[in-house]
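The structure appears below as structure tokens.
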Amino acid sequence: MSITKAGSHHFDRLNAPPPAFPQIQERDLLEAAKRNTRPRFVGNASSCEYNRNVTVILPTKFYIPPTPTGFVVRPQLLEKLDEALTHRLTLVSAPAGAGKTTLVSAWVQSARKKKAAIGWLSLDEADNTPARFLEYLVACLEEGGAELDLAGYLPENGEQAQGENVPAGILRALVNLRQELILILDDYHLIRNQEIHAALGYILEHLPPRLHLVILTRSDPPLELARLRVSGQLLEVRMEHLRFSAQEAAAFLKMTAGVQLAESDISALNARAEGWVAGLQMAAISLRGRDDAAAFVAAFAGSHRFVFDYLLEQVLNRQTADVQAFLLKTAILDRLCAPLCDAVCGGGSASRELLDALERANLFLVPLDDERGWYRYHHLFSDLLKLMLEKTYPGQTVELHRRASRWFEAQRLLPEALRHALAAGDMELVARMVSTNVLALVEHTELMPILLQMETVPREKRESSLPWLEVAHAWGLAYTGQMERAGAALKRAADRSGALAGADERQRLEGHLSAARAYVEWVNGNSDAAIRAARQAEKLLTADEIAVRALNLTTLGNAMSQYDVDPEAIGVLEQAVSLARQSGQAHVLMLALTALAYACINSMKLHRARDLCMDALKAAEACQRAQGQMLPASAIAYAFLARIWLEWGETGKATQTVRKGLALAELWGQVDTVMMCLLYLAYALSLDGDSAGVAQTIQRARQTAEKVSPWFIWNVEQVEFTLFLDSPPLEPGEIRREARRRQEAGMKFPVTEE
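Structural data, given as structure tokens:
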């Protein structure tokens with residue numbers, strides 16, 4: 035059975051839309067961030083409100099904190115942690131400041147001597163979505179040395195890509211680990227999402243023998259700890275283990291305070307701190323240079339409330355005015371670097387020297403990278419600084435957030451820029467930022483958290499920003515095949531357009547709305563409506579809206595040839611490619627190139643199509659080299675290359691290529707590309723005589739198509755008709771006539787009779 039006999043007519047008509055993958059733009063990042071930041075992608079743990087996952091992976095989250103000055107070697111605890119290699123889960127659970135991170139980071143060196151690989155992930159509040167958590171989890175495993183086969187994440191044997199399939203896929207990829215791998219999750223108490231707990235519980239239950247999980251937390255996680263404890267699979271390190279003995283406290287104070295205390299004073303201080311390392315550290319800082327150590331020890335008493343008072347009176351108030359001002363003004367930042375601090379503090383270039391001095395003084399500054407470029411404050415110290423900021427500089431918090439927002443925007447770190455703009459309550463800044471970066475904003479998984487943060491802003495203040503945020507939301511939903519929800523978001527944006535000031539701004543919004551409507555109609559198979567909307571967008575979009583115009587022309591060209599070969603479509607797509615090259619947005623260029631390649635395939639200009647696909651992959655590689663990030667839209671280029679190999683009779687190359695595209699598309703949750711790859715794979719398997727594989731693949735394709743639109747379901751049915759009945763699908767003219775007949779009769783796809 036040849037591809038020409040089996041389905042060349044169908045291949046000419048299989049026009050499932052190429053994906054519109056968002057791509058992360060960070061052209062102006064600091065060089066260190068460019069070198070180290072790269073996105074990884076993973077599907078959802080379970081159904082999420084917004085299941086598109088393209089995240090900039092911050093390498094600082096995998097940084098293993100070094101042991102600090104004054105570290106006291108605690109051999110009995112290190113030996114206890116060595117038992118982690120014989121347990122599924124090691125739980126280090128104790129209050130803040132108990133020394134959990136310090137102890138485990140010190141133990142890492144011991145574990146490495148035992149030839150164990152280490153993956154360390156520092157969690158934060160932003161990790162409370164299943165998709166983002168699993169993205170970082172996969173990236174952390176790879177940082178630890180796990181060689182993950184992307185295809186291993188794919189559901190097999192007709193499974194749907196939902197529920198526990200992604201955690202199961204991760205586990206499948208880890209079955210053949212060659213060495214012991216220890217996965218360490220720090221600050222797990224910040225995770226409150228039950229879906230994440232469920233996903234981690236599933237992973238823990240099916241943990242491969244060579245993988246061991248270590249959780250550092252202030253409170254016990256909602257996992258099945260009792261069952262693990264009874265079965266001997268749980269190793270626990272708690273506050274009673276972490277409290278300093280008198281001897282350890284003496285060694286610690288001698289190294290950090292630089293003073294010789296009487297044995298009785300040490301015992302009293304340690305007793306009043308109850309062996310709490312953070313309390314001893316605060317005491318040590320205050321003891322430096324004091325002549326009245328005994329009096330200080332006698333007065334050292336209190337609780338966590340006292341710690342705040344102590345930090346204020348004995349640490350913050352003892353700094354110079356310049357240092358105090360720096361600490362308080364930068365307290366609004368989750369992470370700090372010298373240029374950012376300069377911007378927030380209002381000019382000058384003293385931040386680098388101040389950060390160096392704070393680190394040398396061990397003033398609760400935690401480095402986030404080996405180059406000492408990025409830092410954060412100790413959480414307890416940060417809490418104190420934030421409390422004191424408003425008291426010391428009343429009314430200035432808004433301006434500080436506004437300055438931070440502008441700096442992050444200049445570095446193209448849009449999610450952080452928006453978060454600070456929202457914290458400032460500056461909705462004019464939010465509206466401007468969103469309206470000028472709609473497509474760039476969609477390229478980040480942080481879109482949904484930003485939308486949630488918007489809900490905390492009084493409605494009357496956010497009305498002017500909502501239309502543009504809804505447009506960004508609609509694009510994100512459309513990219514991931516959620517067409518009904520995308521249409522609803524566009525309607526909300528249109529309903530709120532009256533909140534925008536000025537006719538020009540409303541026209542810009544309407545141009546974006548028309549372009550997005552065109553895309554949604556095209557994916558839904560409504561080519562005439564898509565063409566009308568795209569033509570309307572052409573009239574409304576201004577010349578400087580290059581990226582949106584390029585994307586709109588791509589949609590127009592695809593819609594023009596959705597049911598038949600239209601020679602004019604290639605000309606439109608040529609214009610789209612030309613504009614996309616000017617846009618500076620690599621994912622827009624990728625979409626235009628692959629759309630033109632598909633049009634050339636339908637016209638049997640296969641060599642031109644291959645060259646366009648290779649150009650698209652080269653653009654993806656250039657983006658990865660320049661910005662440290664891979665373009666997810668490269669999956670569609672692999673899919674079309676596979677189609678070309680099929681046309682040329684190279685079944686083996688086609689199968690290998692389409693599996694690569696399928697792995698990427700499944701990993702990123704791009705359902706339309708997944709379906710196209712599955713259909714091409716079905717043809718390849720059919721040519722190889724694998725009838726069982728064909729049936730399973732078609733089943734997966736149908737399950738995927740049902741998530742997108744009836745047009746996609748109809749494409750699957752056409753392939754089923756061709757492969758199982760060995761009959762040609764409808765000719766191009768018949769497709770258009772059938773589509774029009776059904777539209778006139780008020781019917782919808784699929785085409786097969788009921």
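First residue of the sequence shown: 35, per my numbering; consecutive thereafter.
Ideal Cβ positions, reconstructed from N, Cα and C, are used throughout, including at glycine.
Quick caveat, the model's predicted, so the values are computed rather than measured.
Hey, residue i and residue j: beta-carbon distance below 7 Å or not?
i, j, result
"residue 501", "residue 523", "no"
"residue 609", "residue 587", "yes"
"residue 531", "residue 543", "yes"
"residue 152", "residue 178", "yes"
"residue 554", "residue 520", "yes"
"residue 142", "residue 91", "no"
"residue 104", "residue 360", "no"
"residue 402", "residue 392", "no"
"residue 455", "residue 448", "no"
"residue 710", "residue 673", "yes"
"residue 155", "residue 219", "yes"
"residue 633", "residue 614", "no"
Report back the beta-carbon spacing between residue i and residue j to the nearest angstrom; my notes put them in contact at under 8 Å.
i, j, result
"residue 581", "residue 622", "5 Å"
"residue 257", "residue 238", "6 Å"
"residue 636", "residue 595", "7 Å"
"residue 126", "residue 271", "4 Å"
"residue 732", "residue 707", "Rounded, the Cβ-Cβ distance is 17 Å, inconsistent with contact."
"residue 624", "residue 653", "6 Å"
"residue 647", "residue 631", "5 Å"
Taking buried to mean at least 16 other C-beta atoms within 10 Å of its own C-beta, is residue i buried or exposed?
i, result
"residue 86", "Low confidence applies to residue 86: its pLDDT is 35, below 50, so where it sits in the model is not reliable enough to give any reading."
"residue 289", "exposed"
"residue 261", "exposed"
"residue 677", "buried"
"residue 573", "exposed"
"residue 226", "exposed"
"residue 641", "exposed"
"residue 432", "exposed"
"residue 70", "The predicted model places residue 70 with a pLDDT of 37, which falls under 50 and marks its position as unreliable; any figure quoted below should be read in that light. So residue 70 ends up on the buried side."
"residue 93", "buried"
"residue 750", "buried"
"residue 510", "buried"
"residue 458", "buried"
"residue 164", "buried"
"residue 577", "exposed"
"residue 720", "buried"
"residue 150", "buried"
"residue 213", "exposed"
From the DSSP output, which residues share a beta bridge with residue i?
i, result
"residue 126", "250, 271"
"residue 400", "410"
"residue 141", "Answer is none; residue 141 lacks a bridge partner."
"residue 154", "218"
"residue 389", "DSSP lists no partner for residue 389."
"residue 245", "215"
So, is the C-beta of residue i closer than 7 Å to a C-beta in chain B?
i, result
"residue 503", "No chain B appears in the structure shown, which is made up of a single protein chain."
In chain order, what residues of the same chain have a beta carbon less than 7 Å from the beta carbon of residue i, not counting five sequence neighbours either side?
i, result
"residue 327", "293, 295, 299, 321"
"residue 358", "350"
"residue 679", "687, 688, 691"
"residue 222", "157, 249, 250, 251, 255"
"residue 761", "Note that residue 761 scores 47 on pLDDT, short of 50, meaning its location in the model is unreliable and no value can be drawn from it."
"residue 211", "180, 242, 244, 245"
"residue 740", "747"
"residue 144", "112, 116"
"residue 443", "451, 467"
"residue 410", "368, 369, 370, 400, 402"
Near residue i, what residues of its chain come up, given a Cβ to Cβ distance below 8 Å and the 5 sequence neighbours on each side ignored?
i, result
"residue 437", "377, 378, 380"
"residue 418", "342, 345, 346, 350"
For residue i, which residues of its own chain have a beta-carbon under 6 Å away from its beta-carbon, when the five flanking residues on both sides are left out?
i, result
"residue 124", "118, 248, 269"
"residue 385", "372, 375, 376"
"residue 441", "374, 377"
"residue 568", "552, 586, 589, 590"
"residue 302", "331"
"residue 507", "523"
"residue 415", "398"
"residue 159", "224"
"residue 313", "307"
"residue 617", "580, 581, 584"
"residue 570", "548"
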